[in-house]
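What follows is one structure encoded as structure tokens, with my remarks underneath.
In my numbering, the protein residues as written are 51 to 222.
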């Protein structure tokens with residue numbers, strides 16, 4: 051997550067930003083991005099907390115009960131990682147560690163997004179299995195996992211690779 055010298059120079063030249071201003075802007079951007087994920091994760095987690103208390107929960111199989119609990123745990127872990135950057139900031143406030151915070155918070159946020167992807171996948175598998183059967187749950191959860199992984203990770207990685215290829219060909 052740390053800026054290379056080229057990135058720092060670009061930000062200074064194009065944006066007129068100092069390193070401190072860039073780090074502040076980057077952290078603000080990260081928190082703005084996390085607001086979207088935090089709300090969805092917290093709502094999903096709250097929903098999962100209520101499931102065992104619903105009338106139909108006694109009908110779930112032992113597989114579905116285990117899947118439910120695994121999904122609940124994934125939601126809890128995801129929520130923690132998506133909230134963590136704000137807490138890290140508060141703990142490190144006025145410690146002049148913004149660069150280290152950005153590196154760590156960015157990685158923690160990506161981990162939280164990965165866990166969120168698994169949480170949604172688990173929830174889809176649970177509902178598909180409960181409503182139809184395990185096979186339907188697995189099929190739709192695999193489709194969900196591929197869809198979320200594609201948009202969250204594969205598309206941006208492909209965009210970076212494309213940019214890197216353009217940068218390499220233009221510098222030759």
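Don't be surprised by glycine CBs; every beta carbon is placed ideally from N, CA and C.
- Straight-line measurement puts the Cα of residue 191 at about 8 Å from the Cα of residue 178.
- In this model, residue 149 and residue 90 are separated by some 28 Å (Cα to Cα).
- In the DSSP annotation of this structure, the continuous segment of the alpha helix (DSSP H) that includes residue 82 starts and ends at 69-100.
- Residue 158 is positioned such that its CB atom lies closer than 7 Å to that of residue 134.
- Judged by pairs of C-beta atoms under 8 Å, the segment 152-166 does not touch the segment 104-112, as fewer than three such pairs exist.
- Distance between residue 145 and residue 184, taken at the CA atoms: about 51 Å.
- The residues 179 and 184, in chain order, have a CB closer than 8 Å to that of residue 113 in the same chain once the five nearest residues on each side in sequence are set aside.
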